[in-house]
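Here is the structure we will look at.
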């Protein structure tokens, strides 16, 4: 519309001008004065109520979700990675375009949440929740995003409980509710929440561990131990489970068991993570190199090397100079049979930091397969130097030395490895083989026997031991061991030895 | 409706002005307001409103303490620059008042000195209560990349010596007794290098010579760069570098120390130690060691009485929190926080974790995580705590707690931060908790507004009676900011007693002695010692708030060598010296 048009319309639409009289002006002033006074009175009352209100309490869920005018959170993205900045920018643009859509608010919240920008994520979830007050996911996400801020636990509990009304069958929700109660010191309420979680998912290691820990706090030792033992069955490598068991046994006066559990705990990391598929919806939106790096490490731990490579390549885009990332790429390529790429990345890792023991060890192993013994031994020796107390590093070096024919040095490294930790069956087998080649038959047999003790289905160990018996002329024992190897692995080369012995017997 | 609830319109207007004023003040101060909380009020301010009497008054500039910390940060986000530094309160010249020692960073990492590099500084208290910088003449201007400080009489000559921990080589300074110190690191055979954090003197083998436990952190390298989940550069966390084992140094009694970590058992475990406290935690009369580790299970090294130690933290329930998690341990104290005569452990942690109270269960029953129930847990979840002290602020007979905070993970710049960019991303207010005497703590707000007004990146905290008035004052160190000294002006809700426990044969304070005073059938327990908090060293005397009691019934002391003695009662409000061998021996 042109200004000329606006002007014309104004002229025709305006009522005839009326000249205000002095009387009218005075009355207007009086009314205005009264209005101002009224505003002051209301402001005074409100301020007084504000003064008299108790310490700021977390808003209950209903109030928390009451929607006023939406505010898109401001955020300085200048230092963020471009891909993160872009994701946030797109999500914000969607909100600007559709401010009344719970979905777009939720998406912006999730993008922010996924990158650990939780305060702002909570603002977005709140806006979304005002539009969709009974959305389980939004309630749940808001509770999680807000619980770690100052005074956030109380509100988080309200929200978790509201979420539980919306979906009472989701175990992780009760785990988080229990955690929140625990932080507030309400161990009894925490126990109840954890119990509900275990009720819904009887095979949850983290659930049983948490129930056990809260029961222990409440003095219910016998029940606590039951749950902790169940957790230990479900997660036999979890350090905290055994830590809690150590404490529980100690309180019952079972000090030997306590010490045993404590030792297991010290040897183990915390392995149990809360499995939360709904929350994964948020976490999967995380695209920064740091998030990809963390995810890749989890993939590697669980043997998903191809997936890890995809994530590591993203990480490499911004952090190519990080030797750990290069090492991880090398490991993943090696595990997926891409030896050339593996070698490339491992060399790059070593170039960036010559003290990357993992890269040296992995590259040494690759070179060993290629039978480039000198170079393999160089890298494996470097790995062992960098981790002098790491038994596998010495065991790998020992194997390389043995394969290169340096048997005496190999045996010294096997002994060094054995002095540091219990070795696996394969290492005992290799050790035995080196001893056998040096003519130390009794010692070799002992290593083979140890290998069999550690791994009763180890066909190669039976075969090697059988071969020693054959050499010693103890034919019956040789046959027994060959047969055992064949029973375990029907196509095993022990069948050749067995045939040889049986043929000789026939003759 | 009470009369006071009725407000006239003019009252309301006045209250609006009052509220605006108070809010403005409190927003500036960064403390949440709590107008319902009982507060001591005194005087009127310019607007005619009642001002809340402040329990702690900053006297830094009045007394001439002009220390400003230098971290050497240049934007490279090198982990050591966010972890320092410490503070000490001790009487270095034996003139009866407390002096101040502050560790300092450097312009370069680790010890590449450049011209006029900052050094650790020593301040002597004068008779009029002012402080004079005596760094040069004292010889304590250690130029390493300064982390912490431990204070103790290593040669039993009656004066206090100083051990400075560094990122780089640690240094031992022997007090010559004339106000000067000599660097005896080499002569003493001390070769602790790498990254040391907190350290504490104690006599673990009861031979009368103070040994030294040095917590050590990480094998840091500055090749790694770390990023947060949004891809922004951040300080690397402790898991980015391999941890290094702690060190136990045995005092040979001839001016030398031997590294006995291997035989004692500590050398085999590396766990990123940051806080250490030495205390008899199983009540067998022998000093144990508790180490707060960053991201690793904490350790309770139980003294086996034969020169070796065994880590029983898991069994005793002080390795992991109630959720089974190893937390980011920073500072630590050992004190009877619930007035049951058992020694509890309380330590500070990273934001997102709670500060954790391990309450002694009595007898040899270990400890339990009571963080939630005590009120110390959920209130700390938004903060990253470092320095920590338990003291009876208002002398009512129980220990209150101050935690000084400052993040290591970046966040939005905090409004009202006293420190500018980039440190305002790490600045946080400090937290002061009042003990209700029944195992429960409540955050105090208005009366300590002045104490938490400077929102900085606080690290070290040391306590001692600076002005000799019978209550404990506070010294706080801040990264890239001033050290601040606060005088305790809390309204007194009781009487006090200060006890110095001396072993005449050793000619020094009986570090590790456990002192109990009895009033109205109640036992109050304190330990003689200076090594607690984070990177810091406090006055070693035992301080007691006595509540209304004007006299104590008796004193019982368990000396570090195991001897127990009873001393007669005494009037309150005095500083007592009790001497081993002068009491009545107890069975």
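Chains as they are written, first to last, in this note's numbering: chain H, 1 to 507; chain A, 1001 to 1587.
Cβ atoms here follow ideal geometry from the backbone N, Cα and C, with glycine treated the same way.
As the structure is a computational prediction, the values presented were derived from the model and not from experiment.
Taking residue i as the query, report the chain A residues whose CB atoms sit under 9 Å from its CB, ordered along the chain.
i	result
residue 115 of chain H	1228, 1229, 1230 and 1231
residue 81 of chain H	1227, 1230, 1231 and 1232
Under 7 Å Cβ-Cβ, which residues of chain H neighbour residue i?
i	result
residue 1319 of chain A	243
residue 1356 of chain A	Simply none; closest approach about 11 Å.
Taking Cβ positions only, does residue i come closer than 9 Å to chain A?
i	result
residue 237 of chain H	no
residue 461 of chain H	no
residue 291 of chain H	yes
residue 240 of chain H	yes
residue 217 of chain H	yes
residue 213 of chain H	yes
residue 71 of chain H	no
residue 536 of chain H	Here chain H covers residues 1 to 507 and nothing more, so residue 536 of chain H does not appear.
residue 270 of chain H	yes
For residue i, go through chain A and note every residue whose CB falls closer than 8 Å to its CB, in chain order.
i	result
residue 84 of chain H	1230 and 1231
residue 350 of chain H	Chain A residues near residue 350 of chain H: none, gap ~13 Å exceeds 8 Å.
residue 251 of chain H	1365 and 1366
residue 259 of chain H	1315
residue 286 of chain H	1229
For chain H, check one thing: does any of its Cβ atoms lie closer than 9 Å to the Cβ of residue i?
i	result
residue 1225 of chain A	yes
residue 1369 of chain A	yes
residue 1304 of chain A	no
residue 1165 of chain A	no
residue 1316 of chain A	yes
residue 1272 of chain A	no
residue 1331 of chain A	no
residue 1574 of chain A	no
residue 1159 of chain A	no
residue 1323 of chain A	yes
From the DSSP output, read off the bridge partner residues of residue i.
i	result
residue 1196 of chain A	A:1216
residue 1301 of chain A	A:1289 and A:1311
residue 1391 of chain A	A:1400
residue 1526 of chain A	A:1515
residue 322 of chain H	DSSP output for residue 322 of chain H lists no bridge partner at all.
residue 1368 of chain A	A:1359
residue 1565 of chain A	A:1557 and A:1585
residue 1482 of chain A	A:1068
Under a three-way DSSP split, which group does residue i fall into?
i	result
residue 1592 of chain A	Because chain A in this structure spans residues 1001 to 1587, residue 1592 of chain A falls outside the shown range and cannot be described.
residue 513 of chain H	Outside the displayed range of chain H (1 to 507) lies residue 513 of chain H, so it cannot be described from this structure.
residue 1516 of chain A	strand
residue 1455 of chain A	coil
residue 1236 of chain A	coil
residue 1552 of chain A	strand
residue 1267 of chain A	coil
residue 1245 of chain A	strand
residue 1063 of chain A	coil
residue 1035 of chain A	Any reading at residue 1035 of chain A must be qualified, since the residue scores a pLDDT of 32, below 50, and its modelled position is unreliable; no value is offered.
residue 462 of chain H	helix
residue 339 of chain H	helix
residue 168 of chain H	coil
residue 430 of chain H	helix
Please list, in chain order, the chain H residues whose beta carbon lies closer than 9 Å to that of residue i.
i	result
residue 1372 of chain A	181, 182, 183, 184, 185, 186, 187 and 190
residue 1382 of chain A	148, 149, 150, 151 and 152
Can we count residue i as close to the ligand COA, meaning its CB is less than 8 Å from some heavy atom?
i	result
residue 217 of chain H	Within the structure as shown, the ligand COA is missing, as the structure has no ligands at all.
Output, in chain order, the set of chain H residues within a Cβ distance shorter than 8 Å of residue i.
i	result
residue 1263 of chain A	Ordered by position in chain H, no residue passes the 8 Å Cβ test against residue 1263 of chain A, which lies about 17 Å from the chain.
residue 1352 of chain A	148
Original post:
Residue ranges of each alpha helix (DSSP H) run of no fewer than 4 residues wholly in the segment 1124 to 1207 of chain A, ordered along the chain?
Top reply: 1135 to 1138
Original post:
Which parts of the segment 1409 to 1438 of chain A are runs of the beta strand (DSSP E), unbroken and 3 residues or longer, counting only runs that do not cross its ends?
Top reply: 1431 to 1435
Subject >> Segments of 4+ residues assigned as alpha helix (DSSP H) that fall wholly inside the segment 183 to 219 of chain H >> reply: 187 to 200 and 205 to 217
Subject >> Segments assigned beta strand (DSSP E), at least 3 residues, entirely inside the segment 71 to 123 of chain H >> reply: none
Subject >> Start-end ranges of the alpha helix (DSSP H) lying completely within the segment 244 to 293 of chain H, minimum 4 residues >> reply: Counting whole runs of 4 or more residues, the segment 244 to 293 of chain H contains the alpha helix (DSSP H) stretches 255 to 267 and 277 to 283.
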